[in-house]
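Asks: Convert by adding 33 to the 1-based position in the sequence shown; the result is the number in this note's numbering. I'd like to ask you about the structure that follows.
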Amino acid sequence: MTSVVVLAGGVGGAKFTLGVRAALSRRGAPEATVVVNTGDDLWLAGVRLQPDVDSILYALAGQNDTVRGWGRAGDTERVNAELQAWGAGWPWFTLGDLDLGTHLARTGWLRDGLTVTQVVQRLSQRWPLGVRLLPMTDAEVDTRVVLAQGRMHFQEWWTRHRAALPPLAFENPGIEAATPAPGVLEAIAGADVVLLAPSNPVVSIGPILAVPGIRAALRETPARVVGVAGIIGGHVVRGMADVCLAAIGVDTRADAVAAHYGARTAGGLLDAWVLAEEDAALAPAVEARGIRAVVAPLWMTDVNASAAIVETALSA
Ligand code: GDP
Ligand code: CA
């Protein structure tokens, strides 16, 4: 039996989580606990969005749009057209009709007084997900990008500007006073393995690690902490994580991201780091930092490929 905790962002986190579910089910192991980034969350047109939670939820439920890469399969945009006509929401940000159903349900439950953890638990009951989803925190700590011209919500910077405005820093206002969601610290302390998904290290994994108490829990857990590189051959596979990495002074290289997380033996987080075959030459640099380096194919082309990556990470 292997008790597994995963730290994950949205789309990359979802592909990885599908592999975690498949690998653990083959082993007959208990369901993993997935701690999801909520830094991407935002209020828009009166409803609360949780892009990373929903990406993972929809993917595990088999309800995600695999062609577009986000949102619900077979969605329509009638309500969105009305919102645009009213000048509500953001003209560059599409809210699908089915997706809005999720947002309305979530917002209603929040207004009823449920915590974010309780809301995520309710969202997890409709379809059999095969993992336990936990938000990183119950607090609202939306990620802001610091630009030369001021601050902007991460989603506006990412979606409207396609990360083209040079970021000076990323902030999660209020996170110093936030606490991990109930169950997060216990799951980490009780795990055999903690996996860092190949999610964006800055704006997906970064906010999770910034919740006070989570980094310490990772440092103290008897579990092995294993990260998987989201960079293959010096490129982010998808998205604009390279811009985020540059803003915090980290090169877009798998060994540089490993160094950013750091070795547990040297005050960091990682016991082991899984690099792509394309980056095999970087393995010695990772090992030199006191992090065990494991080389494997890292393209999450389908659930079997993701499950193979998870198997590699679990046995690292
Ligand atoms: P987001 O929240 O939707 O942006 O998604 P995540 O932060 O969870 O994941 C985005 C990261 O996943 C990107 O930095 C990609 O480099 C990484 N990624 C996406 N597809 C793959 C893949 O097939 N293999 C690996 N190793 N990383 C991937
Ligand atoms: Ca995200």
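From the three backbone atoms N, C-alpha and C, an ideal C-beta is built for every residue, glycine too.
Is glycine 43 a contact residue of ligand 2, with contact defined as CB to any heavy atom under 7 Å?
Replies: Indeed, a heavy atom of ligand 2 lies less than 7 Å from the Cβ.
Asks: Please report the straight-line C-alpha distance between glycine 120 and glutamate 110, rounded to a whole angstrom.
Replies: Their backbone Cα atoms lie some 15 Å apart in a straight line.
Asks: Flag this pair as yes or no: are the beta carbons of proline 234 and leucine 278 separated by less than 8 Å?
Replies: Cβ atoms of proline 234 and leucine 278: closer than 8 Å.
Asks: Run through the segment 148-227 for me and flag every whole alpha helix (DSSP H) of 4 or more residues, listed as ranges in chain order.
Replies: Listed in chain order, the complete alpha helix (DSSP H) runs (minimum 4 residues) inside the segment 148-227 are 149-156 and 217-222.
Asks: Please classify serine 232: is it buried, with 16 or more other beta-carbons within 10 angstroms of its beta-carbon, or exposed?
Replies: Buried, by the Cβ-count rule.
Asks: So which of Leu133, Asn113, Leu131 and His136 has the shortest CA-CA distance to tryptophan 125?
Replies: It is Asn113 whose Cα lies nearest to the Cα of tryptophan 125.
Asks: Specify the secondary structure class of arginine 101 as computed by DSSP and reduced to three states.
Replies: Here arginine 101 sits in coil by DSSP.
Asks: Which two residues bound the contiguous beta strand (DSSP E) that contains leucine 75?
Replies: 75-77 is the extent of the beta strand (DSSP E) around leucine 75.
Asks: Tell me whether histidine 293 is buried or exposed, calling it buried when 16 or more other Cβ atoms sit within 10 Å of its Cβ.
Replies: Answer is buried; the Cβ neighbour count reaches 16.
Asks: Cβ of leucine 331 versus every heavy atom of ligand 1: is any distance shorter than 7 Å?
Replies: For ligand 1, at least one heavy atom lies less than 7 Å from the Cβ of leucine 331.
Asks: Closer than 7 Å to a non-hydrogen atom of ligand 2 - does that hold for the CB of proline 234?
Replies: False, no ligand heavy atom lies under 7 Å from that Cβ.
Asks: Report all residues from its chain with a CB closer than 8 Å to the CB of glycine 45; omit the five preceding and five following residues, and keep chain order.
Replies: Counting only Cβ-Cβ distances below 8 Å, and skipping sequence neighbours, we find Ala230, Pro231, Ser232, Asn233, Ser237, Gly263, Val270, Arg271, Gly272 and Met333.
Asks: Kindly list the residues whose CB is nearer than 6 Å to the CB of valine 53, restricted to its own chain and excluding five residues on each side of it in sequence; keep chain order.
Replies: The answer, listed in chain order, is Val39, Ala65 and Val343.
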